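Heads up, the thing below is written out as structure tokens.
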Amino acid sequence: MQRKILEFANLLRQSGLRVSVAEAIDAFQALDELSLDDRDVFRDALRASLVKRGDDIATYDQLFDLYWSGFYDNLKNAFDSATGSLAEQGIDVQQLLEQIRQMLESGQLPEGEMDLGDLARALLTGDLNQLEQMIRAAASQAGAARIENMLQIGFFSRRTMEQLGAENAAGELRDLAARLRAAGMGDAEAEAIGKLADRFFEALRQSVRDYMDRELQTRNFDYMERFRREALFEKSFYSLTEEEIARMREVVNRLAQRIKNVMSIRKRRLKRGKLDLHTMLRRNAGHGGLPFELVFKERRKDRPKLVILCDVSSSVANVSRFMLQFVYSLQECFTKIRAFVFVAELGEVTQTFHDHEVSKAIEEALEGGGVINVYTRSNFGMAFHTFWRDFLSAVDAKTTVLVLGDARNNYNDPKAWCLRDIHNKAKNVIWLNPESPSAWGFGDSVMDKYLPFTTLAEECRNLRQLSRIVDRLVL
Amino acid sequence: MSSPMESVDAVQKSLEAEGYICDRRIATVVYLAMQLEKPVLVEGPAGVGKTELAKVVARATGRPLIRLQCYEGLDEAKALYEWEYSKQLLYTQILKEKISEVMEGTRTLREAAERVGAQDSVFFSDQFIVPRPLLHAITADEKSALLIDEVDKSDPEFEAFLLEVLSDFQVTVPEIGTFQAKSKPIVFLTSNDAREMSDALKRRCLHLWIDYPSEDVERKILEVKVPGMDRKLAQDLVTLMHKIRSLDLKKTPSISETLDWARALLALNASALEEDLVKETMNVILKYEADIRKAQQELSRMMAKPAAQPGAPAAPADPARKKGTLH
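Which chain is which? The protein sequence lines are A and B, in order. If you read the first sequence in numbering that gives the first Met the number 0, its first letter stands for residue 0, the second for the next number, and so on. If you read the second sequence in numbering that gives the first Met the number 0, its first letter stands for residue 0, the second for the next number, and so on.
Put into structure tokens, the structure is as follows:
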């Protein structure tokens with residue numbers, strides 16, 4: 000049982016759940032306290048000790064069904080049907096097995112004791128529990144955990160049968176039949192033993208295949224899950240499907256939450272400042288100068304102001320989407336956020352975020368927020384110029400300006416001097432470009448013109464890169 | 000102990016006796032927590048009875064409940080113990096003369112320092128400690144039930160120091176030593192999942208996820224908590240609640256809202272759920288204007304007889320969902 004639980008814990012781990020050794024031990028202890036007859040109780044007990052996140056419960060439930068829905072039952076079915084079909088041929092399996100057992104025990108056999116292998120013995124005694132354990136052991140010996148697709152079922156089944164020593168056992172049973180006959184058993188019975196061995200081996204083979212099939216299902220499940228999780232982080236923003244965008248939104252939220260946690264630690268560290276002697280002396284004057292009440296200096300929190308310029312042309316819309324989501328999930332980390340969107344014209348969408356909740360505001364902003372026309376060709380020069388002309392006052396020495404765009408300017412005038420002026424006024428200018436640096440400055444990309452006037456320019460093509468940048472932004 | 004909790008069923012029964020209707024899952028975890036003496040981390044949406052569970056378990060086992068409400072900025076001084084600084088200072092002032100007595104006859108500074116050093120345990124002793132809920136639960140003579148409510152609201156670093164309490168049931172005060180629990184309390188931590196708890200904390204706890212109850216369970220809860228309600232009305236109410244929950248709302252109403260609503264309807268002497276009545280009282284269960292509007296729009300469809308519609312259509316969590324006309 001312990002082995003099975005450990006294996007199950009392992010399986011959960013492979014599916015991306017975090018299960019520690021201590022938790023597996025908890026599971027053992029929990030099961031000690033309970034009777035295992037009740038499947039639901041068993042499931043709940045394992046869940047309480049192994050799964051600690053609400054999100055993982057669905058995964059756990061599916062895996063639980065796959066793993067614990069009893070391979071034993073499969074085995075029993077296979078052997079029951081074998082027994083059934085033998086009975087149709089007029090062979091009473093129970094009686095036959097009993098007869099064999101008696102003959103073996105009474106030592107009626109010539110040429111001394113028979114030395115039957117474990118497998119043959121398990122088959123003859125109908126000990127399915129033993130058989131199940133043997134199949135599991137053999138399968139793991141055969142490396143069944145590495146099974147990856149349907150085509151390998153045959154291969155791994157064969158190897159498992161080899162590991163089980165099926166050939167050997169078949170030989171032993173034939174041998175046994177011959178000996179029994181020599182020991183004075185009727186022909187009919189000897190023949191029956193042959194049939195019985197055939198049917199049982201057929202059942203065994205079937206069970207092993209079933210086992211592989213289940214194994215494949217569980218492994219595949221892990222694989223798919225893990226793949227989905229990992230992929231989301233690395234996947235380029237360019238090629239997200241609707242469904243992935245929805246999932247991504249949750250991931251971004253969670254990341255934002257994490258950053259907030261880190262921020263809160265930092266804030267608290269700041270609060271635990273030095274003694275404020277001045278105020279303390281004054282406040283404790285009534286106690287004859289004895290410092291009964293302690294007063295600490297509260298340090299001012301240094302929260303950046305943020306101005307975001309988002310290219311919302313279709314080529315970079317997704318980067319803008321997640322950046323905006325990030326920034327607005329982290330609103331309290333900034334003193335003030337002003338958001339602008341542009342394609343060629345530039346317009347402010349800060350108000351949109353005040354009026355609507357985040358996800359809706361983002362969708363609206365990406366459609367131009369009702370202030371700009373998004374169905375034109377990108378013109379960074381024009382956008383920067385508009386910003387320089389109308390909103391330069393929004394930038395001061397505490398402001399970080401964040402530009403999101405691919406700098407593909409459609410051969411318009413880049414007007415890099417506007418960015419230079421912005422750069423001179425701002426604390427930082429950070430440029431996030433979804434293209435890789437090797438493409439900067441080629442074709443109609445004017446990234447190289449803007450590059451001198453940025454504090455930091457980074458490739459930002461997937462979530463991992465994005466979260467790293469946000470990390471740097473607030474910390 | 001007012002009732003023995005010797006099996007999962009017994010736990011379920013004794014919780015029920017205290018007016019807490021739950022499924023076997025909850026009972027199983029509570030049972031395990033008592034047997035293994037491990038804390039339970041209870042998570043789930045707001046208002047499904049997480050805090051209530053701890054209270055009820057305390058009542059059912061006859062233990063006193065010690066509650067620690069977490070919030071941002073909660074630190075060990077408020078949760079664990081605090082030195083009574085002013086008292087210490089006051090004592091030093093009062094004992095000034097005594098101190099000079101102690102110091103009498105010392106010639107060197109070193110000697111004086113040693114004498115004072117020999118006395119310093121006086122000022123760092125139990126006498127000057129103000130015990131807060133955690134230390135209270137640890138040092139209590141009888142078994143207690145400790146509820147650490149909304150632990151997700153606390154800071155991550157607070158969690159770190161909960162670890163010692165939760166795994167070993169002990170508290171270390173550097174100046175005095177370690178307080179070991181005389182009897183291990185049963186501990187419940189509740190979380191609304193505002194943030195994810197650290198793995199280290201989770202590892203030390205059993206985990207219990209309480210979700211919205213099934214219709215059956217919710218109806219039973221309603222029967223117990225709001226007696227005197229018409230059966231048919233209760234059934235309708237619960238059915239409608241489940242449909243409302245399937246909408247994509249900002250804040251999904253939970254059991255406590257169901258109960259509030261039932262009480263409100265009872266106070267209004269309602270005998271059946273009629274559309275107008277529901278519309279008027281909807282603000283009892285929904286707390287956002289936008290939610291109320293949405294639910295009201297969907298209402299006539301939801302209140303149609305079940306035969307007319309194949310199953311409650313769950314609102315898909317599709318980002319591109321059009322906010323279209325709903326009739």
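Note that CB positions come from ideal geometry on N, CA and C, so glycine has one too. Because the structure is a prediction, the values reported are computed rather than measured.
Item to check | Chain-ordered chain A contacts of valine 164 of chain B [CB-CB under 9 Å] | outcome: Neighbours of valine 164 of chain B on chain A: none; closest Cβ ~17 Å, over 9 Å.
Checklist entry - Closer than 9 Å, CB to CB, is glutamine 92 of chain B near chain A or not? => result yes
Next on the checklist: Tell me which residues share the same chain as alanine 45 of chain B and place their Cβ nearer than 7 Å to its Cβ, disregarding the 5 neighbours each side in the sequence.
Outcome noted: Asn191, Ser253
Checklist entry - Sorted by chain position, which residues of the same chain lie with C-beta nearer than 6 Å to cysteine 309 of chain A's C-beta, five sequence neighbours on each side aside? => result Ser319, Val340, Leu403
Checklist entry - In this structure, what does DSSP give as the bridge partners for serine 328 of chain B? => result No answer is possible for residue 328 of chain B: it lies beyond the span of chain B, which begins at 0 and ends at 326.
Checklist entry - leucine 205 of chain B: buried (16+ other C-beta within 10 angstroms of its C-beta) or exposed? => result buried
Checklist entry - Can you list the residues of chain A that lysine 201 of chain B reaches, using a CB-CB cut of under 7 Å? => result Lys51
Item to check | For phenylalanine 41 of chain A and leucine 35 of chain A, the rounded distance between their alpha carbons | outcome: 6 Å
Next on the checklist: How far does the alpha helix (DSSP H) with proline 132 of chain B in it extend, from its first residue to its last?
Outcome noted: 132-138
Checklist entry - How is alanine 159 of chain A classed by DSSP in three states: helix, strand or coil? => result The residue asked about is misnamed: residue 159 of chain A is threonine in this sequence, not alanine. Correct three-state label for threonine 159 of chain A: helix.
Checklist entry - In the structure shown, what three-state DSSP assignment does glycine 104 of chain B receive? => result coil
Checklist entry - Below 8 Å, can you find three or more Cβ-Cβ pairs linking the region 128-136 of chain A to the region 181-192 of chain A? => result no
Item to check | Secondary structure of arginine 58 of chain B, DSSP reduced to three states | outcome: helix
Next on the checklist: Taking CB distances under 9 Å as the criterion, tell me whether aspartate 470 of chain A reaches chain B.
Outcome noted: no
Next on the checklist: Cβ closer than 7 Å: which chain A residues qualify as neighbours of valine 28 of chain B?
Outcome noted: Asp43, Ala47
Next on the checklist: Between A/Gly287, A/Gln151, A/Asn461, which has its C-alpha nearest valine 315 of chain A's C-alpha?
Outcome noted: A/Asn461
Checklist entry - Using a Cβ-Cβ distance under 9 Å, would lysine 224 of chain B count as near chain A? => result no
Item to check | Partners in chain B for valine 40 of chain A, counting only beta-carbon separations shorter than 8 Å | outcome: Val7, Arg23, Thr27
Item to check | Spatial distance of valine 400 of chain A from alanine 438 of chain A (CA atoms) | outcome: 23 Å
Next on the checklist: Going by DSSP in three states, arginine 388 of chain A sits in which element: helix, strand or coil?
Outcome noted: helix
Checklist entry - Relative to the alpha-carbon of valine 311 of chain A, which residue among A/Phe325, A/Leu323, A/Val342, A/Pro303 has its alpha-carbon at the smallest distance? => result A/Val342
Next on the checklist: Taking CB distances under 9 Å as the criterion, tell me whether leucine 293 of chain A reaches chain B.
Outcome noted: yes
Next on the checklist: Starting from arginine 170 of chain A, trace the beta strand (DSSP E) in both directions and tell me its first and last residue.
Outcome noted: As written in the sequence, residue 170 of chain A is glycine, which differs from the arginine given in the question. Element bounds for glycine 170 of chain A: not the beta strand (DSSP E) but the alpha helix (DSSP H), 165-181.
Checklist entry - Under 7 Å Cβ-Cβ, which residues of chain B neighbour isoleucine 24 of chain A? => result Under the 7 Å cutoff, chain B gives no residues; its nearest Cβ is about 10 Å from isoleucine 24 of chain A.
Next on the checklist: Starting from glycine 83 of chain A, trace the alpha helix (DSSP H) in both directions and tell me its first and last residue.
Outcome noted: 70-87
Item to check | DSSP state of aspartate 148 of chain B mapped onto helix, strand, coil | outcome: strand
Next on the checklist: With distance defined between alpha-carbon atoms, name the residue in A/Glu362, A/Tyr59, A/Glu344 nearest to threonine 375 of chain A.
Outcome noted: A/Glu344
Checklist entry - Three-state secondary structure (DSSP) at histidine 206 of chain B? => result strand
Checklist entry - Out of curiosity, what's the CA-to-CA distance linking serine 48 of chain A and leucine 40 of chain B? => result 10 Å
Item to check | Three-state class that DSSP yields for valine 402 of chain A in the structure shown | outcome: strand
Checklist entry - In three-state DSSP terms, what is arginine 407 of chain A? => result strand
Checklist entry - Can you tell which of B/Val283, B/Glu17, B/Val277, B/Ala159 has its C-alpha closest to the C-alpha of leucine 258 of chain B? => result B/Val283
Next on the checklist: Please list, in chain order, the chain B residues whose beta carbon lies closer than 9 Å to that of glutamine 28 of chain A.
Outcome noted: Leu31, Gln34, Leu35, Lys37
Checklist entry - Is the CB-CB distance between leucine 85 of chain A and leucine 175 of chain A below 9 Å? => result no
Item to check | CB contact check: proline 305 of chain B to chain A, cutoff 9 Å | outcome: Caution is warranted here: a pLDDT of 49 is assigned to proline 305 of chain B, below 50, making its placement in the model unreliable, and the coordinate value is therefore given only provisionally. Answer no: the Cβ-Cβ gap between proline 305 of chain B and chain A never drops below 9 Å.
Next on the checklist: According to DSSP, is cysteine 309 of chain A part of a helix, a strand, or is it coil?
Outcome noted: strand
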